[in-house]
Ligand SMILES: [Mn+2]
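In the numbering used here, the protein residues as written are 408 to 738.
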């Protein structure tokens with residue numbers, strides 16, 4: 408049996424012996440992918456952004472990437488629902504963590520993130536990222552918007568379209584507003600799903616710019632199938648980015664996060680939503696706000712790794728990687 412599994416695994420375009428070793432052994436990379444220092448020759452780059460200087464409440468998401476790497480060994484490499492592995496036809500590697508020149512200045516640190524992802528963009532690899540707090544998404548989007556605006560599928564309990572607050576317009580409540588204002592994201596091809604809680608008062612920008620805001624009450628009233636079908640219709644064939652804030656899940660499924668809000672979706676519903684996005688022109692994605700210090704059980708990082716794997720599977724099937732399987736400059 409072991410030999411059969413090994414043979415099967417070795418037929419993959421990306422293979423490491425760790426993929427067939429016990430999940431607790433060896434050096435943890437995302438899904439046991441090989442480590443590579445740059446995105447050169449990759450189709451998909453898995454990235455860690457250990458950074459949480461942008462939080463408005465409790466910190467800890469800087470520890471996210473390492474814990475997600477650990478838990479990811481229990482999640483990859485095979486997707487039983489779609490019967491696929493993202494490693495079969497793609498060159499995938501863990502390119503490590505964004506190196507920071509400063510850990511003490513929010514805007515300078517966001518420039519470090521942008522610079523690192525610009526390297527991935529110029530290698531034409533699709534970045535799939537583990538954060539970090541949600542402030543990291545704006546610099547990533549800056550490196551992905553090329554000839555046309557990007558659609559956005561944003562899972563969160565917050566819209567993250569806040570005006571500058573507590574002295575910063577770049578903290579983790581602002582990235583989606585910045586991305587729309589900078590002309591990176593097309594609100595008409597964007598949805599924010601799972602929204603709830605008292606911060607509603609600062610999300611007016613989402614409505615004003617024309618994003619589709621799906622509150623959790625509507626999500627449950629209509630059911631995930633209807634919301635999924637609306638998502639597919641709204642996003643269409645154009646390039647799309649998936650940003651998954653782990654606090655879109657109910658804290659029962661993801662207690663380890665900076666700004667938990669009760670009354671969220673289950674991890675299964677989130678998985679079904681992500682799986683249903685198969686075939687979209689996914690040009691990148693992230694899972695953010697996993698804060699391991701608030702969850703000694705590790706289920707939050709496990710949920711994070713699981714969602715990251717689903718997004719990786721979407722990227723692996725994306726028309727963006729068709730042709731020579733490098734990310735084309737989208738038309
Ligand atoms: Mn968020």
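In this text, a Cβ means the ideal position worked out from N, Cα and C, and glycines have one as well. Because the structure is a prediction, the values reported are computed rather than measured.
- Cβ-Cβ distances below 6 Å link residue 449 to 498, 500, 532 in the same chain, with the five nearest sequence neighbours on each side left out; the list follows chain order.
- Annotation for residue 500: the continuous beta strand (DSSP E) segment containing it runs 499–504.
- Our two residues, residue 734 and residue 727, have alpha carbons roughly 5 Å apart in a direct line.
- 8 Å or more divides the Cβ of residue 647 from the Cβ of residue 566.
- Under the three-state reduction of DSSP output, residue 465 falls in the coil class, being neither helix nor strand.
- In terms of Cβ geometry, residue 440 and residue 527 do not form a close pair [threshold 8 Å].
- The C-beta distance from residue 454 to residue 509 rounds to 19 Å, too long to fall under 8 Å, and the pair is not in contact.
- Setting aside the 5 residues that flank it on each side, residue 433 is surrounded in the same chain by 425, each with a C-beta closer than 6 Å to its C-beta; the list follows chain order.
- Annotation for residue 615 indicates a beta carbon at 7 Å or more from all heavy atoms of ligand 1.
- Counting only runs of 3 or more residues that sit fully inside the stretch 516–595, the beta strand (DSSP E) segments are 533–538, 557–562, in chain order.
- If you draw a straight line from the Cα of residue 730 to the Cα of residue 644, it is about 16 Å long.
- Exclusion of residue 410 from the 7 Å shell around ligand 1 follows from its C-beta lying no nearer than that to any non-hydrogen atom of the ligand.
- In this chain, the beta strand (DSSP E) harbouring residue 646 covers 646–652.
- The alpha-carbon separation between residue 725 and residue 690 amounts to approximately 8 Å.
- For residue 489, same chain residues with a beta-carbon under 7 Å away, outside a window of 5 residues either side, are 682, 685, 720 in chain order.
- For residue 691, the pairing in a beta bridge is given by DSSP as 648.
- By the neighbour-count criterion, in which a residue is buried when 16 or more other Cβ atoms sit within 10 angstroms of its Cβ, residue 437 is buried.
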